[in-house]
Amino acid sequence: MNLTEELTNFRAQFKANQPEEIKEVMAQATTDLMNAKISEQSLKVGDIVPNFSLPDAVGNILELQTVLGKGAVVISFYRGGWCPYCNLELRALQQSLPEIKTLGANLIAISPETPDNSLSTSEKNELTFDVLSDSKNQVAKQFGLVFTLANELRPIYNQFGIDIPAYNGDNTFELPIPATYVVASDGKIIHSFVNVDYTQRLDPREIITALKNIAR
Numbered sequence: 000m001n002l003t004e005e006l007t008n009f010r011a012q013f014k015a016n017q018p019e020e021i022k023e024v025m026a027q028a029t030t031d032l033m034n035a036k037i038s039e040q041s042l043k044v045g046d047i048v049p050n051f052s053l054p055d056a057v058g059n060i061l062e063l064q065t066v067l068g069k070g071a072v073v074i075s076f077y078r079g080g081w082c083p084y085c086n087l088e089l090r091a092l093q094q095s096l097p098e099i100k101t102l103g104a105n106l107i108a109i110s111p112e113t114p115d116n117s118l119s120t121s122e123k124n125e126l127t128f129d130v131l132s133d134s135k136n137q138v139a140k141q142f143g144l145v146f147t148l149a150n151e152l153r154p155i156y157n158q159f160g161i162d163i164p165a166y167n168g169d170n171t172f173e174l175p176i177p178a179t180y181v182v183a184s185d186g187k188i189i190h191s192f193v194n195v196d197y198t199q200r201l202d203p204r205e206i207i208t209a210l211k212n213i214a215r
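Heads up: the sequence shown is residues 0 to 215, going by numbering that gives the first Met the number 0.
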């Protein structure tokens, strides 16, 4: 089963188990984000990505420019290990990692989670690629991806046992729109996926296709 199918199945199961009032609030929050056109402000194909340095799950600092010096880079922004859709995506990326590496590229995932929580996310999903902590979404802001979680959603997330301030180490309730960028070694974006509907993600098969196009 590919990632798109897994997401579709999980989405259906989730909706089947939630009260109508919760589904309505969550759907309205997504609609509001779409209407705000936040994704239109994000970096797009042809843009040059900003350089950045972020800590990985064990505190080592990774600089994007250094990674680009080795070849193309796939950058995945995710909300956090508390998000089931993010975990499905991260595991799918892990399954595709050998082919990504074979094509001469590296993969990094970025979230606003603290390093300790990033480590937990990495361990529970058995990830072997770099998982970076973007404190206060500083890098995500440079990519134009940040929004503030709607007030109406916060008690619902609490009901689900999701404490965003605890995961992120701040009280801003800011999160990145899930996004994936395929970046050539010169820093230019050659493929991008940005969707305010967090239940939608880029299938790794499209990443592989984009990387093959670089190699041509």
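The beta-carbon is built from N, C-alpha and C at its ideal position, and this holds for glycine as well.
Item	Value
CA-to-CA distance, Asp133 to Asp55, given in whole angstroms	9 Å
Residues sharing a beta bridge with Lys187, DSSP	Ile47
Counted within 10 angstroms of its Cβ, other Cβ atoms place Asn167 as buried (16 or more) or exposed	buried
Reduced DSSP secondary structure (H/G/I, E/B, other) of Phe128	coil
Nearest-angstrom Cβ-Cβ length linking Leu6 and Leu106, presumed shorter than 8 Å	Wrong, their Cβ atoms sit about 19 Å apart, outside the cutoff.
Cutoff 8 Å: Val130 Cβ touching any chain C Cβ	The chain labelled as chain C is not found in the depicted structure, where only one protein chain is given.
Backbone CA spacing between Val72 and Thr179 [nearest angstrom]	10 Å
Residues near Pro164 by beta carbon distance below 6 Å, same chain, minus five either side	Asn170
Straight-line gap, Phe142 to Ile206 (C-alpha atoms, nearest Å)	19 Å
Reduced DSSP category for Pro54 - H, G, I as helix; E, B as strand; rest coil	strand
Three-pair Cβ contact test at 8 Å for the segment 112 to 121 versus the segment 145 to 164	no
Among Ser191, Phe13, Val138 and Asp31, nearest to Glu62 - alpha-carbon criterion	Val138
With 16 other Cβ atoms within 10 Å as the buried cut-off, status of Ser41	buried
For Ile176, three-class secondary structure by DSSP	coil
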